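Reading through the structure tokens given below for one structure.
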Amino acid sequence: MSVKLLFAASVVVGGTLLLLGCGQKTPGTEANVPVASSAERPTVASTGSSTPSSPAGEEEHGHLSGAHGGIIASLGRDSYHVEAVFEKGGVLRLYVLGADESRIQEIEQQSLKAYAKAADATESHPFEFKSEPQEGDAAGKTSVFVGSLPEGLAGSELNVTVPSIKIAGERFRLGFTSTPEVHGDDDMPAKVSDDAERELYLTAGGVYTDADVKANGNQTASEKFKGFRAKHDMKPKPGDKICPVTMTKANPACTWIVAGKEYEFCCPPCVDEFISWAKDPELAKSILPPEEYVKK
1 MSVKLLFAAS VVVGGTLLLL GCGQKTPGTE ANVPVASSAE RPTVASTGSS TPSSPAGEEE
61 HGHLSGAHGG IIASLGRDSY HVEAVFEKGG VLRLYVLGAD ESRIQEIEQQ SLKAYAKAAD
121 ATESHPFEFK SEPQEGDAAG KTSVFVGSLP EGLAGSELNV TVPSIKIAGE RFRLGFTSTP
181 EVHGDDDMPA KVSDDAEREL YLTAGGVYTD ADVKANGNQT ASEKFKGFRA KHDMKPKPGD
241 KICPVTMTKA NPACTWIVAG KEYEFCCPPC VDEFISWAKD PELAKSILPP EEYVKK
């Protein structure tokens, strides 16, 4: 009996060490994600947004699955968190949590405009989250939001973006995918496929014009940034230019012209994401001028 107990204890300890070891990651080149993001993908609407929390080269940490079995995404460099739960019938439920993911966080009741995009698509589809106060939430407050995914997207691998969530007078962007991810370089958007990439970059749409296509050399990001190695600085200093997508420090070697203006990004997959925003009539409304993407 004692031998069996010793063996079981060894398995538990070994498994724990393995899990801790998985949190150690070395950033490399641009990595696969979403969105938003989620991977927690940052915002066109605000510089207080869902971003990775650890500087490049430091220890990363992965969020555990939420209490409801959902995907945990961070807001404002882990100031808050959201647990996204995909339910049958295309229902998507958001549980708002504090800096400590085990704590429920009440925020102002509000309607949240959201966008869902299939992982291999370039177009987003709008939908809306409504407040659904839970027992114990104060008057005018809610800790849960509920929405229904656009028709035909339920069950697909999705990138979901909420451009603006108001919390205590600040605005945050939420981005995540329907597949759980780990903080760090994995919070960068996924590269689009080759065919979709050519469609994305070489055709005009929204505020991304034919003049922009020409100004960017009639090429895709993969062609322009071949051999590019991203070095993500997760903690830009005040005054640093920041990537419009992740709010990490921008790289002056990674630029793209949109609406006649030059934007700086942290990596090519973020350029993919930004162009998809620019071509979406609704998301394009939230894009700020390049000079606004500076760490305050």
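Residue numbers for the sequence shown, in the UniProt record's numbering: 1 to 296.
Virtual Cβ for every residue (Gly too), placed ideally from N, Cα, C.
Quantities reported herein were computed from a predicted structural model and do not represent experimental measurements.
Taking 7 Å as the cut-off, is the C-beta of residue i nearer than that to any heavy atom in the ligand ATP?
i: L158; result: In the structure shown, the ligand ATP is absent, as is every other ligand, since no ligand is present at all.
With distances taken Cα to Cα, identify the nearest neighbour of residue i among the options.
i: K261; options: L153, N251 and Y208; result: Y208
i: I165; options: Y95, K237 and A284; result: Y95
i: S131; options: H125, S124, S148 and T122; result: S148
i: S143; options: E291, E101 and S156; result: E101
i: K226; options: A253, Q109, S276 and P281; result: A253
i: residue 299; options: K296, G90, V245 and E291; result: Because residue 299 is not part of the residues shown, which for the chain are 1 to 296, the question remains open.
i: V92; options: E170, R198, F127 and D272; result: The amino acid occupying residue 92 in the given sequence is Leu; Val does not appear at that position. Per the Cα distances, F127.
i: I72; options: L174, G169, I107 and S124; result: L174
i: G136; options: L158, P150, I107 and S178; result: I107
i: L158; options: G90, P289 and V258; result: G90
i: A259; options: G206, M247 and T122; result: G206
Look at the alpha carbon of residue i and the alpha carbon of residue j, and state the distance between them as a whole number of angstroms.
i: A250; j: F274; result: 13 Å
i: K214; j: I287; result: 21 Å
i: G152; j: D120; result: 14 Å
i: P27; j: V146; result: Residue placement at P27 is poorly supported in this model, since its pLDDT is 33, which falls under 50; the coordinates are not used for a value here.
i: Q110; j: E223; result: 43 Å
i: T255; j: T203; result: 18 Å
i: S79; j: Y201; result: 35 Å
i: K294; j: A284; result: In the sequence under discussion, the amino acid at residue 294 is Val, which differs from the Lys named in the question. Those two C-alpha atoms are separated by around 19 Å.
i: Q105; j: G98; result: 5 Å
i: E292; j: E264; result: 11 Å
i: D212; j: T220; result: 12 Å
i: A196; j: G140; result: 44 Å
i: Q134; j: K296; result: 35 Å
i: E83; j: R77; result: 15 Å
i: F172; j: F129; result: 15 Å
i: D280; j: G69; result: 31 Å
i: F176; j: E170; result: 20 Å
i: E87; j: S124; result: 20 Å
i: S178; j: E282; result: 22 Å
i: I242; j: M234; result: 10 Å
i: D194; j: H81; result: 33 Å
i: P236; j: S276; result: 25 Å
i: T248; j: D240; result: 9 Å
i: N216; j: R198; result: 13 Å
i: P150; j: A168; result: 29 Å
How would you call residue i, buried or exposed, if buried means at least 16 neighbouring beta carbons within 10 angstroms?
i: L75; result: buried
i: D210; result: exposed
i: N218; result: exposed
i: R103; result: exposed
i: G155; result: exposed
i: P238; result: exposed
i: D272; result: buried
i: P289; result: exposed
Which one or two residues does DSSP pair with residue i in a beta bridge?
i: Y201; result: Looking at the DSSP assignment, Y201 forms no beta bridge with any residue, so it has no partner.
i: L158; result: A118
i: A73; result: V82
i: H125; result: A116
i: N216; result: DSSP output for N216 lists no bridge partner at all.
i: L153; result: None, per the DSSP bridge assignment.
i: V207; result: For V207, which the question treats as bridged, DSSP gives no partner whatsoever.
So, do the stretch 223-237 and the stretch 261-268 have three or more beta carbon pairs nearer to each other than 8 Å?
The answer is yes - the stretch 261-268 touches the stretch 223-237, with three or more Cβ pairs under 8 Å.
Answer yes if the stretch 109-119 comes into contact with the stretch 150-168, meaning at least three C-beta pairs across the two stretches below 8 Å, and no otherwise.
Yes, they touch.
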